[in-house]
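Written out below as structure tokens is the structure these notes cover.
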Amino acid sequence: MTGWFYLKMNKRADAGNFLQLFIKFIPVFIVSGFIAIVAWNYLNEDINTHNLETYILTKDLLYSDSCLALSDSNVHPMTIDVKKISDEKLASCFTKSNMGYRITLLDKDKNEVKSAKSLTVRQEGYLVKTKSGYPVCKSIPEYRCSQRIDPILYSSDDNKKLGFLVTEVINFVG
Numbered sequence: 037m038t039g040w041f042y043l044k045m046n047k048r049a050d051a052g053n054f055l056q057l058f059i060k061f062i063p064v065f066i067v068s069g070f071i072a073i074v075a076w077n078y079l080n081e082d083i084n085t086h087n088l089e090t091y092i093l094t095k096d097l098l099y100s101d102s103c104l105a106l107s108d109s110n111v112h113p114m115t116i117d118v119k120k121i122s123d124e125k126l127a128s129c130f131t132k133s134n135m136g137y138r139i140t141l142l143d144k145d146k147n148e149v150k151s152a153k154s155l156t157v158r159q160e161g162y163l164v165k166t167k168s169g170y171p172v173c174k175s176i177p178e179y180r181c182s183q184r185i186d187p188i189l190y191s192s193d194d195n196k197k198l199g200f201l202v203t204e205v206i207n208f209v210g
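In my numbering, the protein residues as written are 37 to 210.
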């Protein structure tokens with residue numbers, strides 16, 4: 037019998053065969069170690085998806101006729117129907133556990149037109165903005181807050197006007 041896996045049973049050849057076997061398995065050990073290190077780092081990585089979730093929320097609000105987009109016979113993305121802005125509509129439009137948001141429609145001069153929210157009482161208390169930002173999100177690492185401002189059109193009394201949609205999001209990530 038011959039082959040790299042065959043070990044002779046005499047004392048002189050045992051050390052040589054073991055060394056040959058060990059040398060042949062070095063690449064296997066290196067590859068296995070590399071895979072283990074990569075898997076360990078991937079499983080222990082904290083992936084921050086808060087900004088992506090905020091972006092998806094905003095797009096759902098602005099592009100879906102079941103949310104805020106103006107719809108007659110067609111859907112008009114990025115055009116908000118002011119009549120659709122209500123707490124009830126937001127609650128049925130986009131919900132995710134541990135995530136709350138408030139939207140504010142501003143006219144072109146940045147004056148508030150209408151506002152609605154999908155927040156719990158706790159989230160509403162935490163989503164109070166000061167000059168330095170959102171204090172809860174800065175002091176409690178389990179919460180992430182963000183604000184997004186998008187230029188939009190809004191329909192009021194069948195007139196389309198230029199405005200801004202301010203989306204404030206609080207997310208419990210801990």
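Ideal Cβ placement from N, Cα and C applies to all residues, glycine included.
> What are the boundary residues of the alpha helix (DSSP H) that S102 is part of?
Replying inline: One-based indexing of the sequence shown puts residue 102 at position 66. Looking at the DSSP string, S102 is not in any alpha helix (DSSP H), and its letter there is neither H nor E.
> To which residues of the same chain is L106 closer than 7 Å at the C-beta, ignoring the five residues directly before and after it?
Replying inline: Numbered from 1 along the sequence shown, position 70 holds the residue referred to as residue 106. If we look at L106 and ignore the five residues flanking it on each side, its Cβ neighbours are H112, T115, I116, D117, S191.
>> I'd like the span of the beta strand (DSSP E) that includes E148, first residue to last.
In response: Along the sequence shown, one-based indexing puts residue 148 at 112. Run containing E148: 148 to 154, per the beta strand (DSSP E) assignment.
> Unbroken alpha helix (DSSP H) runs of length 4 or more, entirely within the segment 83 to 130: which are they?
Replying inline: 86 to 99, 123 to 129
> Who are L198's beta bridge partners in DSSP?
Replying inline: Along the sequence shown, one-based indexing puts residue 198 at 162. For L198, the pairing in a beta bridge is given by DSSP as L189.
> How about I139 and T90: do their beta carbons lie closer than 8 Å?
Replying inline: On the sequence shown, position 103 is the one that residue 139 refers to. On the sequence shown, position 54 is the one that residue 90 refers to. Cβ atoms of I139 and T90: not closer than 8 Å.
> What are the boundary residues of the alpha helix (DSSP H) that G136 is part of?
Replying inline: Taking the sequence shown and counting its residues from 1, one reaches residue 136 at position 100. No alpha helix (DSSP H) contains G136, which is instead part of the beta strand (DSSP E) from 135 to 143.
> Can you pull the DSSP bridge partners for E204?
Replying inline: On the sequence shown, position 168 is the one that residue 204 refers to. Looking at the DSSP assignment, E204 forms a beta bridge with R138, Q183.
>> Could you check whether the segment 136 to 151 touches the segment 71 to 79, counting it as contact only if at least three pairs of C-beta atoms, one from each stretch, sit closer than 8 Å?
In response: These segments do not touch.
> For the alpha helix (DSSP H) that V172 lies in, which residues bound it at each end?
Replying inline: If you number the sequence shown from 1, residue 172 lands on position 136. Note, V172: alpha helix (DSSP H), 171 to 175.
>> If contacts are defined as beta-carbon pairs under 8 Å, then T94 and D186 qualify, I think. What distance do you get, rounded to the angstrom?
In response: Within the sequence shown, residue 94 is the residue found at index 58, counting from 1. Within the sequence shown, residue 186 is the residue found at index 150, counting from 1. Right, their Cβ atoms sit about 6 Å apart.
> From D82 to E178, what distance separates their C-alpha atoms?
Replying inline: Counting from 1 along the sequence shown, the entry for residue 82 is found at position 46. Counting from 1 along the sequence shown, the entry for residue 178 is found at position 142. Rounded to whole angstroms, D82 to E178 spans 12 Å at the Cα level.
>> Pairs of beta-carbons, one from the segment 60 to 67 and one from the segment 153 to 164, closer than 8 Å: are there three or more?
In response: no
> Can you give the Cα-Cα distance for V164 and D108, rounded to whole angstroms?
Replying inline: Here residue 164 refers to the residue found at position 128 of the sequence shown. Here residue 108 refers to the residue found at position 72 of the sequence shown. Approximately 36 Å, taken between the alpha carbons.
> So, are the CB atoms of I143 and G199 less than 8 Å apart?
Replying inline: What you label residue 143 is simply residue 107 of the sequence shown in a count that begins at 1. What you label residue 199 is simply residue 163 of the sequence shown in a count that begins at 1. Note that residue 143 is Asp in the sequence shown, not Ile. Yes. Within cutoff.
> Taking the alpha-carbon positions, what's the D194 to K119 distance?
Replying inline: Locating residue 194 in the sequence shown gives position 158, counting from the first residue. Locating residue 119 in the sequence shown gives position 83, counting from the first residue. Approximately 11 Å, taken between the alpha carbons.
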